[in-house]
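Numbering (UniProt numbering), first residue to last: 1 to 680.
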């Protein structure tokens, strides 16, 4: 009866699903292009690059793809993303073969290259051309914001004319695919992410070494001995010397520094600079200025300066005026290579603000912001600057670290508490966020606005709304720990790798939120969550990569050949599998003929696959058992100790699970037992 009922359900699904994957076909049998705004868009551009392109009216080639197993038309802005997804075997399994691919045709368009080298056209897209009939100019002098541009044409003569004027080579579709796929830096592997992290750590180490030399300058002026006030002492000090500020409270300080000097107190508990409550306490307008060993109070309430001078024509003028010019404890502008260390800031607004100043290092700083976070602002803000923020503590306020067009910034070894966001990236690419602790935040680490090649490595988030939420593309979310959050990890990016993360005791372990799933989600440990996973609308998400899936605690199945992978696939969002850890008797139902029939039919006919998540290679044992064991055994301990002792290249952080007691069953013997059970 069970099998007969399942068959009836199967027939019903077939009838309902028969029109799901219908594509409108034109009179010639080929598909017609659809309005691009009606497509689901993948893009080569970050949001910052997109804004520049729109602001300047630049040309960026597009594509539309019609799939056999996906009801929506997928649009591409730029052609690299198109080649990427078509070269992914997992993508083909989910979406089927492309029925038709159309690309922009610039044959009859009037093209130009701007003084900045950007591709532009005065008459838009002339038409579309089927990709197999197109030719492409690569390696020309034309580019788009953020990189090179591939320029498509329907006629080889037009392509040759463009290449003759602007350089480059003319290739066909097969040639373009081969060239793009040869770019090894796109490989989604843990080793790639770790290599990027190593390079960014090395840059941060060099910047730190340079900045620390500023603390070694000779003392030239002592406040109270050689000059009556801090302002007078700075005016009297020769460049590249130190102004010493002895212990004491110094009132009515609103000082602007316009020369490379070091301002050194007697310690954050001894020397206090008290502002007037109007504006920033210290404004730094020159390179290589250092502020060390003191406390700052009396910061103004201003969270947006109406009369500040910004480029009103710039796409981010509002952000710069409202956020980047807020009153601060220390404010840097055009102050590259400057340094803040061993400073405590109490502020209703910003703590440390950095604008247009690369190489600024902020370390061992403590910022006390206001709580609740709606009453505070940005503890540390970097705008149009590549900075290092490390070994600091941020308590209260809106965001601990806020980045706006701060490409390449490194945020490492910090402690964030009682904030909206611990780390908040906007329009910022190629960063490293590593070894940080976040607790009691709305979201621990959040990356917004479609940036690229960010690395989020070895952080820990506890007792927050969302642990880690990364948007954008080609990023790496590796070896993080999320404990006791509503959602441990959100997969909201494109062509990114989420691997070796430990997700323990969360409401939802992993949440998938993209309509076009192109990410690699593999080798993560998901344990003791109320729900393993959730997924928004869209096709089934296949969460495995290079033959390895994830460890879902309690997943049914056996590992007969001892390769570490269960023979049975696992659906963490499925009606049966979702209960596998909490209700062990589900294992019997999971092996029933009816469930097996439905699962095998769905595997053969993608139209029958339910929305949700599928792991085709679930793991028989945890990926990082030492980390998992420590989290389970000592949920109230400092989580930094969990990873420091077991994974020296990745640091976890404070993460106490308010749902979980200390008598958890996931101990070393339990892990070993899991291996034996799956091999039985």
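Idealized CB from N, CA, C, for every residue including glycine. From a predicted model like this one, the values you see are computed outputs, not experimental measurements.
Distance between beta carbons of residue j and residue i, contact taken as under 8 Å
i           : j           : result
residue 531 : residue 578 : 6 Å
residue 274 : residue 302 : No, residue 274 and residue 302 are not in contact; Cβ-Cβ is about 17 Å, not under 8 Å.
residue 613 : residue 93  : That pair is no contact at about 14 Å.
residue 262 : residue 283 : Not a contact, Cβ separation roughly 16 Å.
residue 369 : residue 329 : That pair is no contact at about 11 Å.
residue 331 : residue 280 : 4 Å
residue 627 : residue 481 : 7 Å
residue 504 : residue 470 : Contact doesn't hold; Cβ gap of about 19 Å is too wide.
residue 270 : residue 247 : 4 Å
residue 143 : residue 149 : 5 Å
Top-ranked residue by Cα proximity to residue i, from the options
i           : options               : result
residue 553 : 404, 502 and 547      : 502
residue 634 : 150, 483 and 515      : 483
residue 155 : 129, 164 and 174      : 129
residue 290 : 326, 315, 366 and 242 : 242
residue 524 : 316, 223, 330 and 488 : 488
residue 336 : 347, 277, 384 and 54  : 384
residue 399 : 190, 379, 278 and 100 : 379
residue 111 : 97, 101 and 141       : 141
residue 346 : 231, 151, 272 and 427 : 272
residue 121 : 101, 151, 95 and 133  : 151
residue 621 : 574, 194, 559 and 107 : 559
Pair within 9 Å by beta-carbon distance, residue i and residue j
i           : j           : result
residue 73  : residue 46  : no
residue 391 : residue 364 : yes
residue 447 : residue 493 : yes
residue 113 : residue 79  : no
residue 245 : residue 237 : no
residue 619 : residue 564 : yes
residue 137 : residue 83  : no
residue 431 : residue 459 : no
residue 235 : residue 268 : no
residue 512 : residue 485 : no
residue 499 : residue 479 : yes
residue 42  : residue 68  : no
residue 360 : residue 343 : no
residue 63  : residue 75  : yes
residue 456 : residue 490 : no
residue 319 : residue 404 : yes
residue 707 : residue 568 : In the structure as shown, the chain begins at 1 and stops at 680. Residue 707 is therefore absent and cannot be evaluated.
residue 220 : residue 287 : no
residue 223 : residue 230 : yes
residue 376 : residue 401 : no
residue 412 : residue 389 : yes
Through-space distance from residue j to residue i, alpha-carbon basis
i           : j           : result
residue 203 : residue 66  : 44 Å
residue 33  : residue 441 : 45 Å
residue 681 : residue 535 : Absent from the structure is residue 681, since the part of the chain shown begins at 1 and ends at 680.
residue 355 : residue 529 : 41 Å
residue 139 : residue 118 : 13 Å
residue 572 : residue 533 : 6 Å
residue 167 : residue 549 : 45 Å
residue 179 : residue 253 : 59 Å
residue 409 : residue 468 : 18 Å
residue 201 : residue 576 : 44 Å
residue 86  : residue 353 : 43 Å
residue 651 : residue 434 : Since pLDDT at residue 651 reaches only 36, below the 50 mark, its modelled position is unreliable, and no value is offered.
residue 158 : residue 105 : 10 Å
residue 631 : residue 437 : 15 Å
residue 209 : residue 227 : 31 Å
residue 517 : residue 540 : 8 Å
residue 334 : residue 49  : 23 Å
residue 451 : residue 327 : 28 Å
residue 683 : residue 420 : No statement about residue 683 is possible, as the shown extent of the chain runs from 1 to 680 and does not include it.
residue 260 : residue 338 : 9 Å
residue 394 : residue 367 : 5 Å
residue 429 : residue 52  : 15 Å
residue 562 : residue 374 : 53 Å
For residue i, the residue or residues it bridges with in DSSP
i           : result
residue 615 : 570
residue 196 : DSSP output for residue 196 lists no bridge partner at all.
residue 390 : 363 and 412
residue 552 : 526
residue 543 : None; residue 543 has no bridge partner.
residue 333 : 355
residue 64  : 75 and 102
residue 580 : Its beta-bridge partners do not exist; DSSP assigns none.
residue 466 : 443 and 487
Residue i beta carbon near the ligand GDP (any heavy atom closer than 8 Å)
i           : result
residue 273 : The ligand GDP is absent from the structure shown, which contains no ligand whatsoever.
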